[in-house]
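Structure record follows, encoded as structure tokens.
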Amino acid sequence: MTDATFDPVATSQRYFDGWRQRDAGAVLATLAPGGTYEDPLTGGPIAGDALAGYMRALWAAMPDLDFALGEVHRVAGGTVHAEWTMLGRNHGPFNGLPPTGRAVRLPGIDVIRVGGDGIRSVCGYFDSAVVPRQLGLDVVVQPRRIGPFAFGTSIVVRREQPVRPGVLALTELLAAADEHVQSIREMSRQTVIEQLGNPAFLGATASVAGRRMTTVSAWASHEALSAAMRAGTHAQAMQRFFRDGIAEGGTTSVYAPVRVGSFLRRCGACGAMNRIDGTRGVCRECGAGVEALA
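In the numbering used here, the protein residues as written are 8 to 301.
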């Protein structure tokens, strides 16, 4: 095939056929030696195994993924502009999160540069916040740090009933590099998921600010905490902490209550604030029933 006879539009069509057939090998076969793919989520151009892994992760998250192609034009030389709309439903894990079952509709455009030896580059352009929002996720834009303040995100897991912990466990660590943060977060999530059926696990709050990661978990007793942390994903995470260099360092501590206060709850009928010794009581002003917050 020579530069005078190759058809950039036909080559681009075969590229999209590979995506639509969810065939990573077919997509890679359309690329020239050294050909790359890039979009707002890849962190730069990727190719080969990295591109195949990117595609397979997307197909795992949306097994019915498809592209509705719009206008596909050869605009100059070997350059093609292709409009598309990505369609699918989230039936698999997405960025370490469980499937939501929600539908996704993402419009975008690819700028594809084709040579006689295949596709030399694909640059995809789309709004990277659309898919997370359609899956019910918050998209947060904020600085990493201002003076002594570090900014990040947090998750909270709580029981559906009010609880008074027997002990609190505090873990803080500093990931060795930015690329380790996501894997540590996924291990933390999996650890919590494994403990949801454990009645001695009462809840957890985890935060991430840059590479610094902090978790506070509530337990019925220190004995229950110790037993749970020696098994499952947490035990594997500890091995990676000590042996694989995923963190620069960290600290763990366990705290027992010094003073246990009453539950406080505002009355929905009259607005008075009440102290409740148990999980249920009556309003001190109007006698209406009040319940402690879970």
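Cβ atoms here follow ideal geometry from the backbone N, Cα and C, with glycine treated the same way.
Whole-angstrom distance between His229 and Gln246, CA atom to CA atom: 21 Å
Three-way DSSP call (helix, strand, coil) for Arg109 in this model: coil
Ordered list of alpha helix (DSSP H) runs contained in the stretch 128-186, each at least 4 residues: 137-141
Validate contact between the stretch 128-144 and the stretch 175-189 using beta carbons, cut 8 Å, 3 pairs: no
Chain-order list of residues whose beta-carbon lies under 6 Å from that of Gly239 (same chain, five-residue window excluded): Glu201
Cβ contact check for the stretch 166-182 and the stretch 211-222: 3 or more pairs under 8 Å: yes
Beta-bridge pairing of Thr221 - partner residues as DSSP gives them: Glu179 and Ser214
Option in Gly41, Gly143, Gly210 and Ala83 with minimal Cα separation from Asp124: Gly41
Straight-line gap, Arg272 to Gly294 (C-alpha atoms, nearest Å): 13 Å
Sequence-distant residues of its chain with Cβ nearer than 6 Å to Arg130 (five each side left out): Arg is not the amino acid found at residue 130; the sequence shown has Cys there. Closer than 6 Å at Cβ, skipping near neighbours: Glu45 and Val118.
Per DSSP, cross-strand counterpart(s) of Leu35: Leu35 is not bridged to any residue.
Exposure of Val199, with buried meaning 16 or more beta-carbon neighbours within 10 Å: buried
Ala75 versus Ala33 - alpha carbon distance: 18 Å
Nearest candidate by alpha-carbon position, reference Gly159, set Arg109, Val147 and Arg165: Val147
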